[in-house]
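**Student:** Residue numbers (the numbering used here): -9 to 56. Even glycine gets a Cβ: it sits at the ideal position worked out from N, Cα and C. Keep in mind the model is a prediction, meaning the values are calculated, not measured. One structure, as structure tokens, below. Some questions next.
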């Protein structure tokens, strides 16, 4: 979906509150995935592998990532 689609609700009216909420969630997801890729990259460069599940807790939001 592009930004134009997200700014409008199902009826086609602008809904800036929902748009901002969706943007913030996407930003959090992007931040997590960048961190995860960085962790895997550091392990690969250092000659290590991750064998188990990684569980992280976001200090800013308290969200648990599994």
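Mind checking whether residue 40 and residue 54 have CB atoms under 9 Å apart?
**Tutor:** Indexing the chain shown from 1 puts residue 40 at position 50. Indexing the chain shown from 1 puts residue 54 at position 64. Going by C-beta atoms, residue 40 is not nearer than 9 Å to residue 54.
**Student:** Which residues does DSSP list as the beta-bridge partners of residue 12?
**Tutor:** Sequence index remark: in the chain shown, residue 12 carries index 22 (1-based). Answer by DSSP bridge pairing: none, since residue 12 is not bridged.
**Student:** With a threshold of 6 Å on Cβ separation, who are the neighbours of residue 45 within its own chain once the five nearest residues in sequence on each side are excluded?
**Tutor:** Counting from one through the chain shown, the residue named residue 45 turns up at place 55. Excluding residues within five positions, the ones whose Cβ falls inside 6 Å are 56.
**Student:** Look at the Cβ atom of residue 8, then the Cβ atom of residue -4, and state whether they are nearer than 9 Å.
**Tutor:** Position 18 of the chain shown, counted from the start, is the residue given in the question as residue 8. Position 6 of the chain shown, counted from the start, is the residue given in the question as residue -4. A Cβ-Cβ contact shorter than 9 Å links residue 8 with residue -4.
**Student:** Where residue 86 and residue 4 are concerned, what is the direct C-alpha to C-alpha distance, given to the nearest angstrom?
**Tutor:** Outside the displayed range of the chain (-9 to 56) lies residue 86, so it cannot be described from this structure.
**Student:** Taking DSSP as the reference, what is the three-state secondary structure of residue 54?
**Tutor:** As a position in the chain shown, residue 54 is number 64, starting the count at 1. In the structure shown, residue 54 adopts extended strand secondary structure according to DSSP, grouped into three states.
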